[in-house]
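Reviewing the structure listed below.
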Amino acid sequence: MQTIKYTFQPHGDDRGQLIALEEFKDIPFRIKRVYYMYDTIENVVRGHHAHKSLEQILICIHGSCKIKLDDGTETKVVPLEKPYEGLYIANNIWREMYDFSPDAVLMVLASEIYDESDYIRDYDEFLEFVRSGENKA
Ligand code: T46
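Here the sequence shown stands for residues 1 to 137, numbered as in the working numbering.
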């Protein structure tokens, strides 16, 4: 499985750092939604789902966490620990977020507004979905 990690360009000066993200320039899709999670309880694993069509970029803007990706054939773990790094997650990828540091803030840029019908929350259903080719219809 190919994972795409973006390194964003900081605009640093003697005051500190600033990162600006623009759709279709730094981010490969129209940004329709931004959400973030913080105060994540120790040892919690979030996610446990895939999306039928949503694309996202995950940025741990403070602290660190790990992202486990699973395309139904292969799994990969990607650490996120730099505010200038973004992990692209395409549709049809099962994801789990874990190992959050107490100060972690995980921000997500999403290509669509929130839609519960886009989620696949059952792992067997996910495997069936990716193996059936239904995702390519
Ligand atoms: C994903 C991973 C990386 C909303 O009302 N609007 C939203 O935009 C989102 C994302 C969530 N919610 C509500 C739905 C639930 O009642 O917030 C609650 C927690 O959402 P969820 O359990 O889906 O959160 P995670 O951390 O398991 O997953 C989230 C995203 O939902 C998901 O799309 O890819 O982060």
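The beta carbon of each residue, even a glycine, is placed where N, CA and C say it ideally should be.
Strand pairing of residue i, partner residues [DSSP]
i     : result
Gln56 : Ile89, Ala110
Met97 : Arg46, Ile67
Leu80 : Cys65
Leu4  : Inspection of the sequence shows that residue 4 is occupied by Ile rather than by Leu. Answer is Tyr88.
Thr75 : Asp70
Asp13 : Gly16
Collapsed DSSP secondary structure at residue i in the structure displayed
i      : result
Tyr123 : helix
Arg33  : strand
Glu22  : coil
Asp118 : helix
Burial state of residue i (16 or more Cβ within 10 Å)
i      : result
Gly15  : A small correction: the amino acid at residue 15 is Arg; Gly does not occupy that position in the sequence shown. When all chains shown are included, Arg15 counts as exposed.
Ser111 : buried
Met1   : exposed
Ile4   : exposed
His51  : buried
Val130 : buried
Thr40  : buried
Leu54  : buried
Asn92  : buried
Exercise for the section: Evaluate the contact criterion for the stretch 114-125 versus the stretch 76-87: three or more CB pairs, one atom per stretch, below 8 Å. Expected result: At 8 Å Cβ cutoff, the stretches do not touch.
Exercise for the section: Could you tell me whether the stretch 61-76 touches the stretch 100-111, where touching means 3 or more Cβ pairs closer than 8 Å? Expected result: Touching, yes.
Exercise for the section: Flag this pair as touching only if the stretch 90-98 and the stretch 47-59 have three or more C-beta atom pairs under 8 Å; answer yes or no. Expected result: With contact defined as three or more Cβ pairs closer than 8 Å, the stretch 90-98 and the stretch 47-59 are in contact.
Practice task
Specify whether the stretch 67-80 and the stretch 22-37 touch according to this definition: at least 3 beta carbon pairs, one from each stretch, less than 8 Å apart.
Solution key: Taking 8 Å as the limit for Cβ pairs, the verdict is that the stretch 22-37 does not touch the stretch 67-80.
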